[in-house]
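Report on the structure given below.
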Amino acid sequence: MFGIPSSMGALYEGTEQAPGIIRKAGLKQKLSENGHTVVDKGDLLFNQNLQRHNSTPVRNWPAPRALWDAILEKAEELFVPGTFSIILGGDCSIEVGTFSAFQKVYGEESYLLVVDGHYDTVAPSEDRCIGAAGMGLWFLTQDDTMWSAGKIASDKIKVVGIHTPGETLGIESIAYDQLTVPSGMDRIKTLLKTIPVHSSIFLHFDVDVMHESIMPAAYSPSKSGLDLERTKELMAALLADNRVKGIEVTEFAANKPGSEDSAKIIIELLELLPVYDNQPESTRNGMIK
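In our numbering, the protein residues as written are 274 to 562.
Laid out in structure tokens, this is it:
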């Protein structure tokens with residue numbers, strides 16, 4: 274378990290406080306009680322000396338890239354085969370560094386499964402200043418100048434839970450309203466079958482996929498997000514897939530009202546992670562780092 278306390282991809286601060294609040298709410302204790310061996314590696318601290326600004330084409334640039342570079346340098350610490358990694362973010366833009374690090378460890382057959390209410394596919398522009406939190410998938414699939422880790426094919430990314438229209442960049446997705454119908458979970462099963470059996474999956478979870486009544490401390494709270502029951506169904510199905518080797522939680526603005534209750538909901542979702550006993554070394558075990 275690691276914290277990446279960053280808000281460098283966002284306009285406002287708050288997500289950098291999330292790792293501490295989630296820990297304080299008892300994440301490690303709850304996972305340990307469920308039978309997991311949990312090792313908390315502390316925070317990777319990057320925010321201290323990074324400059325914030327509102328200049329085009331990317332807010333706070335080059336601070337987001339400095340963060341991604343630092344994450345990539347820690348790839349072998351963040352992801353260790355045979356363990357399950359939990360990363361506590363942080364704004365959404367950390368996915369650029371974390372998935373690049375994941376792919377560095379697990380190889381070309383790595384897939385990014387995004388649970389998010391928004392397409393983070395906005396392209397940088399000299400005409401408007403937008404944060405990297407809205408650009409993560411663009412940087413991963415389209416950019417070859419500002420971020421040097423190399424482009425990822427769009428078919429290596431799947432997005433689930435979209436409730437706000439956006440550019441798809443050829444990425445396969447399941448919209449929010451497709452999940453709320455009785456056959457919604459069948460769509461998830463079908464999506465997972467499109468990912469090769471021997472692949473490794475990194476799960477990016479943006480808390481704004483949930484309705485604001487459940488997750489009031491989301492950085493961008495939504496009136497059209499998933500309810501708690503359907504969110505738990507979704508996360509249980511994804512976390513039960515032993516190709517999933519790690520998860521990051523993002524966009525939890527811990528400085529907002531309701532943050533303590535929101536942290537408890539996040540912990541409830543992470544508690545859905547099953548414990549695997551007596552499994553071959555090639556599969557996931559109960560060790561969390």
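Ideal placement from N, C-alpha and C gives every residue a C-beta, glycine not left out. Since this is a predicted model, take the numbers as computed values, not measurements.
Applying the 10 Å Cβ sphere with the 16-neighbour rule, what's the burial state of residue i?
i	result
Thr-463	exposed
Glu-589	A query on residue 589 cannot be resolved here, the shown segment of the chain reaching from 274 to 562 and no further.
Arg-325	exposed
Pro-553	Low local confidence applies: a pLDDT of 44 at Pro-553 is under 50, so the model's placement there is unreliable, with the coordinate-based value given in what follows. Its Cβ having fewer than 16 others within 10 Å, Pro-553 is exposed.
Lys-496	exposed
Thr-556	Reliability of the predicted coordinates at Thr-556 is poor, the pLDDT of 48 falling under 50, and no value is obtained from them.
Arg-401	exposed
His-471	exposed
Asn-333	buried
Asp-479	buried
Val-454	exposed
Asn-551	Note that Asn-551 scores a pLDDT of 45, beneath 50, so its modelled location is shaky and nothing firm can be said.
Tyr-449	buried
Gly-308	exposed
Thr-310	exposed
Pro-354	exposed
Lys-466	exposed
Inspect the beta-carbon positions of residue i and residue j and report whether they are closer than 9 Å.
i	j	result
His-477	Asp-364	no
Val-522	Thr-504	no
Ser-398	Leu-340	no
Leu-452	Gly-439	no
Leu-351	Ile-295	no
Ala-343	Gly-315	no
Asn-528	Glu-381	no
Ile-561	Leu-546	yes
Ile-367	Gly-443	no
Asn-327	Leu-284	yes
Thr-437	His-391	yes
Glu-533	Ala-291	no
How is the alpha helix (DSSP H) around residue i delimited, first residue to last?
i	result
Thr-371	367-379
Thr-523	Unbroken run through Thr-523 is the beta strand (DSSP E), 517-523; no alpha helix (DSSP H).
Asp-450	449-452
Phe-412	409-414
Gly-362	Gly-362 -> not in any alpha helix (DSSP H); beta strand (DSSP E) instead, spanning 358-362.
Gly-293	291-297
Gly-457	457-466
Ala-283	No alpha helix (DSSP H) contains Ala-283, which DSSP labels as neither H nor E.
Leu-318	That residue, Leu-318, is in no alpha helix (DSSP H); it is neither H nor E in DSSP.
Leu-351	348-351
If distances are taken between C-alpha atoms only, which option among the options comes closest to residue i?
i	options	result
Ser-421	Leu-465, Leu-345 and Glu-440	Leu-345
Asp-313	Ile-359, Pro-330 and Val-470	Ile-359
Glu-524	Gly-315, Pro-489 and Val-517	Pro-489
Ile-468	Glu-445, Met-458 and Asp-481	Glu-445
Asp-393	Val-378, Glu-399, Phe-375 and Ser-427	Ser-427
Ile-474	Arg-296, Asn-333, Gly-293 and Ile-520	Ile-520
Leu-542	Lys-303, Ile-294 and Leu-284	Lys-303
Ala-396	Tyr-384, Leu-410 and Ser-383	Leu-410
Gly-531	Glu-485, Ala-513 and Thr-329	Glu-485
Ile-430	Leu-318, Thr-437, Leu-442 and Leu-385	Leu-385
Lys-458	Tyr-492, Ala-509 and Ile-487	The sequence given here has Met at residue 458, not Lys. Measuring from the Cα of Met-458, the nearest candidate turns out to be Ala-509.
Met-419	Asp-316, Ile-539, Ile-447 and Pro-330	Pro-330
Gly-276	Glu-381, Ala-298, Leu-512 and Leu-317	Leu-317
Val-387	Asn-327, Pro-292 and Ile-461	Ile-461
Val-548	Lys-537, Leu-512 and Ala-526	Leu-512
Ser-373	Ala-348, His-391 and Ile-540	Ala-348
Ala-491	Lys-424, Ile-539, Ile-403 and Ala-336	Ile-539
Ser-383	Lys-537, Val-517 and Ala-291	Val-517
Leu-507	Ile-447, Ala-336, Pro-494 and Lys-537	Ile-447
Quick one: give me the first and last residue of the beta strand (DSSP E) that residue i is part of.
i	result
Asp-534	No beta strand (DSSP E) contains Asp-534, which is instead part of the alpha helix (DSSP H) from 532-543.
Lys-546	Residue 546 is actually Leu in this sequence, not Lys. Taken as a continuous stretch (DSSP letters only), Leu-546 belongs to no beta strand (DSSP E), as it is neither H nor E.
Lys-303	Per DSSP, Lys-303 belongs to no beta strand (DSSP E); it is in the alpha helix (DSSP H), 300-306.
Could you please give me the residues that DSSP links to residue i through a beta bridge?
i	result
Ile-474	Tyr-384 and Val-517
Lys-424	Paired residue(s): none; Lys-424 is not in a bridge.
Arg-401	Ser-398
Leu-340	Its beta-bridge partners do not exist; DSSP assigns none.
Asp-479	Thr-523
Thr-437	His-391
Ser-497	Paired residue(s): none; Ser-497 is not in a bridge.
Ala-491	Phe-525
Thr-418	Paired residue(s): none; Thr-418 is not in a bridge.
Gly-276	Asp-316 and Leu-361
For the ligand PLP, I want to know if residue i counts as a neighbour, meaning its beta carbon is within less than 8 Å of at least one of the ligand's heavy atoms.
i	result
Ile-360	No copy of the ligand PLP occurs in the structure displayed, which carries no ligand at all.
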